[in-house]
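Going down the list, the sequences are from chains A and B.
193 is the number of the first residue of the first sequence in my numbering; add one for each residue after it.
193 is the number of the first residue of the second sequence in my numbering; add one for each residue after it.
2 protein chains.
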Amino acid sequence: MVTKEKSLLSERKALRSAGFRLTSQRALILEIIGQGSGHLDADEVYRLARERQPNISLSTVYRNLQALKKLGLVKELHFDESHHHYEAKPAAEHHHLVCLGCGKIVEFGCQLSNKLRQEIARKKGFEVTGVEVHMTGYCSKCRKKKS
Amino acid sequence: MVTKEKSLLSERKALRSAGFRLTSQRALILEIIGQGSGHLDADEVYRLARERQPNISLSTVYRNLQALKKLGLVKELHFDESHHHYEAKPAAEHHHLVCLGCGKIVEFGCQLSNKLRQEIARKKGFEVTGVEVHMTGYCSKCRKKKS
DNA sequence: ATGGCTGCAAAAGTTTTGCACTTCT
DNA sequence: AGAAGTGCAAAACTTTTGCAGCCAT
Numbered sequence: 193m194v195t196k197e198k199s200l201l202s203e204r205k206a207l208r209s210a211g212f213r214l215t216s217q218r219a220l221i222l223e224i225i226g227q228g229s230g231h232l233d234a235d236e237v238y239r240l241a242r243e244r245q246p247n248i249s250l251s252t253v254y255r256n257l258q259a260l261k262k263l264g265l266v267k268e269l270h271f272d273e274s275h276h277h278y279e280a281k282p283a284a285e286h287h288h289l290v291c292l293g294c295g296k297i298v299e300f301g302c303q304l305s306n307k308l309r310q311e312i313a314r315k316k317g318f319e320v321t322g323v324e325v326h327m328t329g330y331c332s333k334c335r336k337k338k339s
Numbered sequence: 193m194v195t196k197e198k199s200l201l202s203e204r205k206a207l208r209s210a211g212f213r214l215t216s217q218r219a220l221i222l223e224i225i226g227q228g229s230g231h232l233d234a235d236e237v238y239r240l241a242r243e244r245q246p247n248i249s250l251s252t253v254y255r256n257l258q259a260l261k262k263l264g265l266v267k268e269l270h271f272d273e274s275h276h277h278y279e280a281k282p283a284a285e286h287h288h289l290v291c292l293g294c295g296k297i298v299e300f301g302c303q304l305s306n307k308l309r310q311e312i313a314r315k316k317g318f319e320v321t322g323v324e325v326h327m328t329g330y331c332s333k334c335r336k337k338k339s
């Protein structure tokens, strides 16, 4: 089975050096997460994957999301829902603002989060491995609708 | 059925003025969340509730957690797990730092989060209703174990 | 060749829902 | 009385796992 040879070179290297194999399914999932609109949940990844590889299984999607998460290539997000969302690990750290009206998700950078991370690490004696800032609210359109 | 008359006056008022009834089950759940060690998940609330009211149902726990959340008396937390946790809405806003080794949860205050909230609200045109900062890492004990 | 990976099916865990009955106001 | 809430059981949904065969290295 021939896999798209896109520019996933660095990801492939990361996979291999960690003893992971590069299967067509894994490459596909990585590509979907990478260029997807971001913030996909497992089922959305599954549906998109099936468009190109119709007999891929949902288990495989879950297993690979876990693997890629462990590898640090994918980030798992915990929004105000009963399932998880996933995005490609971004170059620049950013956080999320979710509109409770229309579900729109806006990303924002945050120079404060690193400062905060160091402060808390020192105060609490932790080695901090991750910071997630999650805001909820109403976007300008939804604010108008409400009033 | 007589309900414990503890000092839940303000909560009761909030309930009533929103058209909610104060049932013994609801009072019990509110009390458990209020004085519990914090960060309980639905099942833990259920188990604690059954110690005092053995035939309360899990559905009732879920329905009340949703109701109390809607009312703003209870906050739902989304840790790195496949289920939710709940805590009483605290007087002072605080956030959470979770140890990936032993699961310990440390709370921390954060004067920056209000500043950040205003900044993002202005930049993005949102009305921001909530901010959740969630850090993960390893506590001092678990750091020693690792090395 | 061999150990990781896959698909399938089944299980496990969490949360929601329909319904008849009860209880708060 | 009437509307909201409850318990029970079943359903819905998300995620994990066992296993036999497959495939990247």
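Here a beta-carbon is modelled for each residue, glycine too, at the ideal position from N, C-alpha and C.
Cβ-based burial, residue i [other Cβ within 10 Å; buried from 16]
i, result
"N256 of chain B", "buried"
"G211 of chain B", "exposed"
"H275 of chain A", "exposed"
"R314 of chain B", "exposed"
"V194 of chain B", "Note that V194 of chain B scores a pLDDT of 36, beneath 50, so its modelled location is shaky; the value from the coordinates is reported in the next line. When all chains shown are included, V194 of chain B counts as exposed."
"C331 of chain B", "buried"
"S199 of chain A", "Any reading at S199 of chain A must be qualified, since the residue scores a pLDDT of 48, below 50, and its modelled position is unreliable; the value itself is stated next. When all chains shown are included, S199 of chain A counts as exposed."
"C302 of chain A", "buried"
"L201 of chain B", "exposed"
"S305 of chain A", "buried"
"S251 of chain A", "exposed"
Rounded Cβ spacing between residue i and residue j (contact assumed at less than 8 angstroms)
i, j, result
"A241 of chain A", "I224 of chain A", "6 angstroms"
"V266 of chain A", "A280 of chain A", "6 angstroms"
"R204 of chain A", "L214 of chain A", "6 angstroms"
"R309 of chain B", "V325 of chain B", "In fact, because the Cβ distance is near 11 angstroms, the residues do not count as touching under 8 angstroms."
"H286 of chain A", "F300 of chain A", "6 angstroms"
"G329 of chain A", "L289 of chain A", "7 angstroms"
"Q217 of chain A", "Q245 of chain A", "7 angstroms"
"K337 of chain B", "G293 of chain B", "7 angstroms"
"E319 of chain B", "R335 of chain A", "6 angstroms"
"V222 of chain A", "L260 of chain A", "According to the sequence as given, residue 222 of chain A is Leu; it is not Val. 7 angstroms between Cβ atoms; contact."
Contact set between residue i and chain A, taken where Cβ atoms lie within less than 8 angstroms
i, result
"H270 of chain B", "H270, F271, D272, H326"
"L292 of chain B", "T321"
"R244 of chain B", "By Cβ distance, chain A contributes nothing, its closest Cβ being about 28 angstroms from R244 of chain B, past 8 angstroms."
"G329 of chain B", "A313, F318, E319, V320, T321, G322"
Per-residue contacts from residue i into chain A (C-beta, under 7 angstroms)
i, result
"L304 of chain B", "L304, L308"
Beta-carbon neighbours of residue i, restricted to chain B and to distances below 8 angstroms
i, result
"F300 of chain A", "I312, K315, K316"
Chain-ordered neighbours of residue i on chain B, where CB pairs are closer than 7 angstroms
i, result
"L289 of chain A", "I312, K316, F318"
"S332 of chain A", "G317"
"R335 of chain A", "E319"
Chain-ordered chain A contacts of residue i [CB-CB under 9 angstroms]
i, result
"R255 of chain B", "What R255 of chain B touches in chain A: nothing, since even the nearest Cβ is about 15 angstroms away."
Can you list, in chain order, the stretches of the alpha helix (DSSP H) that have 4 or more residues and sit fully within the stretch 194-274 of chain B?
201-209, 216-227, 234-244, 250-263
Let me know the beta strand (DSSP E) ranges lying completely inside the stretch 270-308 of chain A, each 3 residues or longer, listed in chain order.
277-280, 286-291, 297-301
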